[in-house]
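*Asks:*
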Amino acid sequence: MSLLIGVAALTPWANGGADPVIQVALFGLAGLCLALAMRARLRRPTPRPEVWIVPWPAIAALGGVLLCGLQLLPLWPTTSDATVPPVVALRTELQHPIAISSTAEQHAAELQDETHSGLPQRVPLTLDAHATRHTLACLLMATAIFLASTWLIDSPARITQAAWVVAASGAALTVFAVLAKATWNGKLYWSIPVGHPQGVFGPMVYHNQAGGVLLMTLAASIYLMVSAAGQISSRSSPAGDLLTAAPSWRRWLQPRPLLTIALVSLNASGLLLTLSRGALVAAIMSAMVTLLVIQPRTGWRGLALVLGIAVVGAGGSVFYFRMSDAVGRRYATLFESEQLLDNSRLAHWSDGWQAGLDHGLWGVGAGAYLHIHPLYQDEQLERVFLRAHNQYLETWVDSGLPGILLLMLAIVTTGRMIVSLSRRRRLAWRATAALGLMVLVASLTHAAVDYVMYLPATAILFAMLLGGVCGTAWQSEREAGDSTPPSGRFSRFGIGFSPRIAMLIACGLVAGCAWATFAGIRWHQEHVAVQSVPWGDDQQAVDPKRLAATIERLQQLQRSTDDYRVALTLGELQIIQFRQQALEQLAQENNLLPEDALEFWQWTAPLVLLQRAQQLSDDGEAARIETEIRREPLIARQLGAARNAFLAARRLAPAAPQPHLRLGELSFLEENLDHTATYLQRVAVLAPGSADMQFELGRRLLAAGEQQAGLAAWHRSLQLDPRHWPAIYEVVGSRLTAAQIDRWVLPDDPELLTLVAARQYTEPEQREAREHLLRRADAILDQPTDDPQQLARHRRLQAEVQLLREDVEGAIERFGQALRYAPADHEMRARRAALLLQVGRWEEAQREAQYAARLQPRNYQYRKLLEAIAEGAGL
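Those letters in the sequence shown? Residues 6 to 880, by the working numbering.
#1: Between which two residues does the beta strand (DSSP E) harbouring F651 extend?
#2: Rounded to a whole number of angstroms, what is the C-alpha to C-alpha distance between G625 and Q619?
#3: Tell me whether G313 is buried or exposed, calling it buried when 16 or more other Cβ atoms sit within 10 Å of its Cβ.
#4: Please name the residue, chosen from R667, G694, A692 and H799, that lies closest to T681 on a Cα-to-Cα basis.
#5: How do the segment 163 to 180 and the segment 91 to 100 stand: do at least 3 beta-carbon pairs fall below 8 Å, yes or no?
#6: Label F523 either buried or exposed according to how many other C-beta atoms from any shown protein chain fall within 10 Å of its C-beta, with 16 as the threshold for buried.
#7: Please return the same chain residues whose Cβ sits closer than 8 Å to the Cβ of G361, not counting the five positions on each side in sequence.
#8: Can you check which of these residues, G513, W730, Q765 and S160, is closest to A743 by C-alpha distance?
#9: According to DSSP, what are the bridge partners of G499?
#10: Are the segment 365 to 385 and the segment 87 to 97 in contact at 8 Å, needing three or more beta carbon pairs?
#11: Please state whether DSSP places K869 in a helix, a strand or coil.
#12: Among the candidates R775, D812, L808 and R801, whose CA atom is the shortest distance from the CA of E832?
#13: With G4 as the anchor, note down where its alpha helix (DSSP H) starts and where it stops.
#14: In this structure, how does DSSP classify W367 when only helix, strand and coil are distinguished?
#15: Would you be able to state if there are at least three C-beta pairs under 8 Å between the segment 469 to 476 and the segment 147 to 167?
#16: Whose C-alpha, out of L426, D455 and Q788, is nearest the C-alpha of L442?
#17: Going by other Cβ atoms of all chains shown within 10 Å of its Cβ, with 16 needed for buried, is A195 buried or exposed?
#18: For L71, does the count of other Cβ atoms within 10 angstroms reach 16, so buried, or fall short, so exposed?
#19: Which residues in the same chain have their Cβ closer than 7 Å to the Cβ of F32, if we skip the five residues on either side of it in sequence?
#20: Do T137 and A371 have their C-beta atoms within less than 8 Å of each other?
#21: Which ranges does the alpha helix (DSSP H) cover as unbroken runs of at least 4 residues, wholly within the segment 497 to 579, from first to last along the chain?
#22: Is it the case that the Cβ atoms of T131 and G175 are separated by a distance below 8 Å?
#23: Name, in chain order, the residues that DSSP records as bridge partners for L193.
#24: F673 by DSSP, collapsed to three states: which one?
#25: Going by DSSP, which residues form a beta bridge with M209?
#26: Helix, strand or coil: how does DSSP classify V454 here?
#27: Tell me the residue span of the alpha helix (DSSP H) that contains W401.
#28: Check the DSSP bridge columns for P599 and list the partner residues they point to.
#29: Grouping DSSP H, G and I as helix and E and B as strand, with all else coil, what is V128?
#30: Grouping DSSP H, G and I as helix and E and B as strand, with all else coil, what is P662?
#31: Let me confirm a value: W354 is counted as buried when at least 16 other C-beta atoms fall within 10 Å, else exposed. Which label applies?
#32: Does the segment 698 to 714 come into contact with the segment 607 to 618, if we say contact requires no fewer than three beta-carbon pairs (one atom in each stretch) closer than 8 Å?
#33: Checking the sheet assignment: what are the DSSP bridge partners for W81?
#34: Do G499 and D159 count as a contact pair if the criterion is CB distance below 8 Å?
#35: From this set, R430, R868, A646 and V761, which residue's C-alpha is nearest T574's C-alpha?
#36: Cβ atoms of A284 and G217: under 8 Å apart, would you say?
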């Protein structure tokens with residue numbers, strides 16, 4: 006039991022178990038905990054014929070394990086007709102070089118040819134077998150922890166021991182997070198680099214995940230305080246019960262009650278300091294539901310005491326740590342509809358819902374959500390979503406109707422056991438029910454807005470605490486004298502098995518955890534190899550020896566892996582190696598120094614070879630492609646190997662757009678150049694909401710001679726995000742006229758139109774083209790809208806348009822209108838003040854500059870602006 010509790014309490018300190026090397030240890034420890042639980046159970050003396058209960062939540066989890074296993078089996082024929090699940094049809098179409106526009110007869114004939122050529126005739130029900138296996142390993146770990154807790158932590162005394170350790174871990178986590186914040190150097194534990202330091206909380210990279218952990222540690226600390234309150238009350242009054250008043254304040258001044266108060270205060274303040282709005286809402290929701298279900302029988306004074314101490318202690322800690330301003334600003338957004346509605350999660354959930362409507366019956370494979378949702382993403386989101394940030398939506402999309410039914414079975418049966426336990430008269434039973442209900446409701450609420458259950462630390466804590474609650478509920482039934490179900494018969498708590506059958510089930514889980522451990526070691530090695538790749542623009546400077554060693558390592562891993570990232574990375578590195586060797590060959594043939602040859606680096610890209618092959622094909626000289634390109638030893642050896650790696654990546658994850666993009670680029674190695682358009686069309690289908698992918702797609706389409714399609718891809722990229730405009734203009738600026746750029750490339754984005762007019766059309770002879778763009782921007786900005794933020798943005802852009810027309814007074818007026826909708830925009834106020842200064846309106850300029858300086862008192866530029874206004878006005 007100590008090992009089980011220790012694993013649950015310490016996992017949050019290792020970045021929540023998110024790192025692959027930590028997960029290897031957790032998989033093994035979960036199996037060891039279950040094995041030790043079996044041993045302890047067998048040695049425990051029993052007064053009656055022994056029956057080992059497997060609770061319904063564990064049955065549901067075992068069903069999830071079976072479902073993941075079925076998704077991995079290659080049971081489905083490679084066909085794209087309606088007789089197979091939609092994900093199988095999608096996988097089949099993406100794995101074969103068949104044109105999207107081909108007829109049904111051509112499709113069937115080519116598919117049969119491809120099947121006979123060696124491609125698999127049957128495929129699994131998942132878009133990413135590696136992701137499904139990883140999900141299976143995590144599910145085995147959580148199930149083993151749950152079952153071990155059910156058999157070991159099956160009494161209030163043992164739950165109390167676990168609660169002390171968990172609550173102390175949460176309190177220490179809070180103190181460490183505050184200390185790390187005060188001495189922050191951009192690294193975890195002051196030594197481990199972090200890619201995105203803005204969301205770090207203590208030893209965890211993602212603050213919302215820390216909020217999920219602290220929800221459960223707070224529940225454990227409240228459980229300890231409630232138990233202390235009940236014990237004090239029962240000593241003072243024979244009628245005392247759970248959550249009653251504590252008439253003797255002296256009893257609260259003893260060490261143990263004081264320690265519970267400190268734990269509640271620290272865990273509650275830690276929850277606030279995570280700045281996780283979802284966790285805060287989940288905590289409030291769990292408190293309300295717990296009050297409704299675990300009703301105090303002799304008054305509310307004890308409950309008010311618990312909640313009051315938690316609120317006061319947490320608030321005092323926040324003020325003590327001097328973070329009240331940040332906490333107030335963050336949680337104030339809960340009451341601002343604009344902040345809640347203008348959230349990328351809502352758009353993402355809408356895309357996920359559409360994916361569920363298409364694949365919700367069978368699912369796309371556990372863990373494969375990141376591959377399917379981009380197909381439905383129509384707009385650029387603020388961030389990349391690897392998860393749905395909604396447990397229920399992701400379960401539906403990943404595992405279909407069977408998965409969502411199993412999830413509901415686990416939730417309903419757990420809640421039923423907790424409610425049954427809450428009806429007991431004994432204080433300890435009811436306190437345990439309160440703990441279980443707080444953990445269950447808080448986690449389920451938080452899981453609706455985040456992916457907390459996919460973090461090992463959260464899953465282990467959740468499984469341990471609820472497993473103990475379920476085991477205690479079962480023991481309460483037995484102590485109450487209720488009949489024990491015969492072995493193999495159903496009951497409202499689960500299924501009672503004989504020790505032999507239960508041990509077989511447990512041994513299966515232990516074996517599964519052992520498999521997950523050994524598989525995790527391999528996954529860790531693959532992760533390290535992929536992460537060690539030298540990405541970046543300076544690829545020509547990568548050490549060739551280091552590059553060759555990395556390629557050799559990836560080739561070894563690829564032989565036994567189902568992780569498409571290994572094959573994809575291998576292909577990318579082989580392209581870099583080809584370019585380095587091509588540059589070296591070019592230098593030798595032309596007697597160039599290595600540093601002089603670097604200026605030809607861009608000409609070694611496969612994109613240049615694709616362009617050359619397409620040019621030869623258009624000129625009717627296809628035979629020269631074979632002699633000049635395909636039979637060139639360096640091209641055949643290096644790029645041929647890269648193409649094979651990308652084919653392997655496509656086979657492992659057919660919905661990932663990167664392999665299709667590279668296969669389209671390397672299609673000059675195939676006899677039929679018509680496949681180029683097919684590969685690249687698939688990229689457009691697989692990544693409609695990625696500005697980066699659409700930009701890269703446009704480059705390759707233009708190289709393949711598909712000008713209109715390439716410009717359409719660039720138009721889409723700019724529509725999603727304008728950050729690629731400089732690179733796009735570098736190409737189209739010399740090839741297209743201003744009218745063609747306006748018609749084919751530029752989307753209806755007034756900000757981009759204004760930027761282009763200001764930066765690209767600056768010459769006098771371009772005045773007409775610039776005015777055309779400004780009129781187009783005016784037409785967009787004049788469209789009516791009721792959104793105050795949108796109105797402020799439109800008026801600000803209209804001011805910029807007036808400045809480009811050299812109408813300063815008009816710009817001042819438009820900036821003033823924008824400030825009516827965004828009065829706290831200090832930058833816009835300073836901009837208007839500078840314009841007022843320019844036209845000599847000193848008093849108005851001073852008022853605007855003073856307002857901006859009050860909003861940002863530490864901005865020295867605003868102080869200089871005030872000095873310039875005073876000097877100009879002669880003050």
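All residues carry an ideal CB built from backbone N, CA and C; glycine is no exception.
*Replies:* Inspection of the coordinates gives the following:
#1: Note, F651: premise wrong, no beta strand (DSSP E); alpha helix (DSSP H) at G645 to L657.
#2: Going from the Cα of G625 to the Cα of Q619 covers about 10 Å.
#3: That one is exposed.
#4: Answer by Cα proximity: R667.
#5: Judged by pairs of C-beta atoms under 8 Å, the segment 163 to 180 does not touch the segment 91 to 100, as fewer than three such pairs exist.
#6: It counts as exposed.
#7: The beta carbon of G361 lies closer than 8 Å to those of L398, W401 and V402 in the same chain, with the five residues before and after it left out.
#8: Looking at the Cα atoms, Q765 is the closest of the given residues.
#9: When beta bridges are read from the DSSP output, G499 appears opposite P60.
#10: Taking a contact to require three or more Cβ pairs closer than 8 Å, the segment 365 to 385 and the segment 87 to 97 qualify as touching.
#11: In the structure shown, K869 sits in a helix (DSSP, three-state: H, G or I).
#12: Measuring from the Cα of E832, the nearest candidate turns out to be R801.
#13: Past the edges of the chain, shown from 6 to 880, lies residue 4, and the structure says nothing about it.
#14: Coil at W367, not helix or strand.
#15: With a cut-off of 8 Å, the segment 469 to 476 and the segment 147 to 167 count as touching, because enough Cβ pairs lie within range.
#16: Nearest in C-alpha terms to L442, of all of L426, D455 and Q788, is L426.
#17: Before going further, note that residue 195 is Trp rather than Ala in the sequence given. Exposed: under 16 other Cβ atoms inside 10 Å.
#18: Its Cβ having fewer than 16 others within 10 Å, L71 is exposed.
#19: So the qualifying residues of the chain are A142, M146, C518, A521, T522 and G525.
#20: Yes, they are a contact pair.
#21: Runs found: 504 to 536 and 549 to 563.
#22: Against a cut-off of 8 Å, the Cβ pair of G175 and T131 comes out as no contact.
#23: Beta-bridge pairing links L193 to I197.
#24: In this structure, F673 counts as helix in the three-state DSSP scheme.
#25: Per DSSP, F206.
#26: Looking at V454 - three-state DSSP - the assignment turns out to be coil, as it is neither helix nor strand.
#27: DSSP places W401 inside the alpha helix (DSSP H), whose first and last residues are Q396 to S427.
#28: In DSSP, P599 forms no bridge with anything.
#29: Strand, per DSSP.
#30: For P662, the secondary structure class from DSSP, reduced to helix, strand or coil, is helix.
#31: In summary, W354 is buried, with 16 or more beta-carbon neighbours lying within 10 Å of its beta-carbon over all protein chains present.
#32: Judged by Cβ distances under 8 Å, the segment 698 to 714 makes contact with the segment 607 to 618, as three or more pairs qualify.
#33: Listed as beta-bridge partners of W81 by DSSP are V128.
#34: G499 is positioned such that its CB atom lies no closer than 8 Å to that of D159.
#35: It is A646 whose Cα lies nearest to the Cα of T574.
#36: Pairing G217 with A284 gives a Cβ-Cβ distance under 8 Å.
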